[in-house]
């Protein structure tokens, strides 16, 4: 599956954020005081019901001076537009050369161990086999050390103790052996030392935490108080944390546990420091940007995720089996608690994870008990909220999202946690005498106290008072198309200008109207019924008329795929023909940078300039990221694109830097009215708490200032 093409896209609106160094914050955070005996007893009691019994206990780290609790970034996480060639789980993934991952071994969908070693380019998904393990393996642990990938133990199908080194090509060499056979362990590095945590020999637990610098000699650092298989492991400031895992012995053998264990290699100690919010086994652990995340895993408490509420659905997966979790947790080292920070787009357990730069890559894994080919990304991002806050991980954190749910003839307003907080029509609100039908777009106006919406096939524009739902202005005749004064024919993209005039693309009349508050027409661009691109005399079925900062209008024409800038009085400023199928609702990003949706299947999100040069293109041709007639794409303050994916019955958010689908509302291709369901959504808007509307700043309270950062090209910084 191809990845987005064109230039590498900047994270525009979020790129200028400044915050204290994450590593500095964590160093401060480690200095917190905790009551040693109380935490030990509480944590120990928390794990007993889940089979975490052990006769060996070691002391907790000594109490330290108090510090302010850290504020942890929420997670941006998404499924890439590309995927592995075949489903794979229980593999090893390590960083390769810049921009690449090495994926080694694993378990196939046929239940057999794999021996292949593959190089995967994270920018494009290009995958090629570059070698093989000395023998097929799954459930091994791996790290990068000394320029090589080291693979420890694993199952083939019996547990083995071999250590293999892969240098980038050919067959991996056996460089040594573990003190005993071990599989289902996790590995992490601190400095030049690799540590092996958890696992068993095929029947008995192996609690020893091993350290090696060369893959040949191993030293026992300490032992885990609670031996487990499949822990999620990450290191922060010299301490190794093991989250959950699967009990190996006792009455709950084979069940996930909720224990959090800390290993201090410098002190040769291991201790139980707390409990997870839910038992987890096979989760992915990673330290990214100085923050520890735990993602996914198997849990009896996970339940079935509600379809359509924030996550995508993989083709052919019912999600009915198993208990695979989708929650992403951020670990607070001061309180020793996990805080909800977001959700995986595809719930997985037993996935491989590797960190390159500021991103963790979660490769393959199992969802509902079946291997998947999905590759997901995860990174801390304050623009997606703070861990523990309602809506953490949302691309519109701190705002409310208005959706014009066209096929259901309704407007929905959701908070960042995807709770519907207002809808129209609704019991208790005034009845619409104009028959609210076919809302094609909806935008907040007047400091968030009203909404303007055009009903394309009802031939009307209305202003609704918010939240009362009272109609305070209207134009057109319900269900009656025409060209005479006061009539419309499929009105599209109605905007309120700052001078209280309304602009609308009157598509089938092939004109753009600027309408006064009293209902008279102040200006008209185009000639009634002349639907060809012949500026400034005629326009070819306009479907967009976005107001610009200079007071002009950005007009898109269906016929011929033209985009033009006009003055409200109809003077042409510039025009360009784009190499796309069906231009829809262009938006301005910078002085010479524009965004547009290609209303086609597969659909596209395209950035271009006035010369028609394509600066960026998102176009997935299959998989969960493929768009089906997207009608509106906007750049959110978080730096991602949000789009109506009309014929897929969903709203989506796409990270332009990676092409990852980071959020979804609606069940792909399944229309409905229940929570998490939409029917041909065709418009949206954001409302900030101060009443401003950042996605259409010219018509709201926000003014857009164009800045130029280190990366070529403009980015928008929103100034309230």
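In the working numbering, the protein residues as written are 477 to 1196.
In this text, a Cβ means the ideal position worked out from N, Cα and C, and glycines have one as well.
This structure is a prediction, so every number in the text was calculated from the model and none was measured.
Here residue 1175 really is in contact with residue 973; their C-beta atoms are around 6 Å apart, less than 8 Å.
The alpha carbon of residue 828 has as its nearest neighbour, out of 817, 818, 821, 840, the alpha carbon of 840. With a 10 Å radius around the Cβ and a threshold of 16 neighbouring Cβ atoms, residue 624 comes out buried.
For the set 948, 1117, 619, 760, the Cα lying nearest the Cα of residue 565 is the one of 760. For the segment 864-951, the full-length beta strand (DSSP E) segments reaching 3 residues or more read 876-881, 886-890, 896-900, 915-921, 926-931, 936-941 along the chain. Taken atom to atom, the span from the alpha-carbon of residue 895 to that of residue 875 is near 12 Å. Non-local C-beta neighbours of residue 646 in its own chain, meaning closer than 6 Å and more than five positions away in sequence, comprise 607, ordered along the chain. With a contact defined as Cβ atoms closer than 8 Å, residue 942 and residue 957 miss out at about 28 Å. Contact annotation: the segment 651-659 touches the segment 673-690, with at least three C-beta pairs closer than 8 Å. The beta strand (DSSP E) runs of length 3 or more contained entirely in the segment 742-829 are, from start to end of the chain, 745-756, 760-764, 767-771, 803-808, 813-819.
Under the 10 Å beta carbon count, residue 1010 is surrounded by fewer than 16 other beta carbons and is classified as exposed. For residue 1090, the enclosing beta strand (DSSP E) covers residues 1090-1094. Here residue 1122 has 882, 1075, 1104, 1105, 1106, 1107, 1156, 1157, 1158 as same chain residues with Cβ atoms under 8 Å from its own Cβ, once five neighbours each way along the sequence are excluded. At the C-beta level, residue 850 and residue 887 stay beyond 8 Å of one another.
For the 8 Å CB-CB criterion, residue 672 and residue 617 form a contact. The beta carbon of residue 768 lies closer than 6 Å to those of 710, 712, 807 in the same chain, with the five residues before and after it left out. Going by beta carbons, residue 723 and residue 733 fall inside the 8 Å limit. Excluding the 5 residues flanking it on each side, residue 622 has no same chain C-beta neighbour closer than 6 Å. When the Cα atoms are used, residue 631 and residue 605 turn out to be separated by approximately 21 Å. Excluding sequence positions up to five before and after residue 764, its CB lies within less than 8 Å of the CB of 831, 834, 835, 836, 854, 855, 856, all in the same chain and listed in chain order. Short of 6 Å from the beta carbon of residue 948, and not among the five residues preceding or following it, lie these beta carbons of its own chain, in chain order: 939, 941. Within the same chain, 783, 795, 1100, 1143, 1144 come within 8 Å of residue 789 by CB-CB distance, once the 5 residues on both sides are set aside. Here residue 1155 carries a coil assignment [DSSP, helix/strand/coil]. By the criterion of a C-beta distance shorter than 6 Å, residue 1008 is surrounded in its chain by 1014, 1016, once the five residues flanking it on both sides are discounted.
Under DSSP, residue 594 forms a beta bridge with 579, 605.
Assigned with DSSP and collapsed to three states, residue 848 falls in coil, not helix or strand. Between residue 848 and residue 838 a beta carbon distance of about 10 Å is seen, past the 8 Å cut, so the two are scored as non-contacting.
Going by DSSP, residue 1062 is part of the beta strand (DSSP E) stretching over 1059-1066. Nearest C-alpha to residue 908 among 889, 923, 936, 979: 936. Residue range 1117-1121 is occupied by the beta strand (DSSP E) that includes residue 1118.
Partner residues in a beta bridge of residue 953, as assigned by DSSP, do not exist.
Pairing residue 676 with residue 703, the inter-Cα distance amounts to about 9 Å.
Residue 1070: member of the beta strand (DSSP E) spanning 1069-1074, first to last residue.
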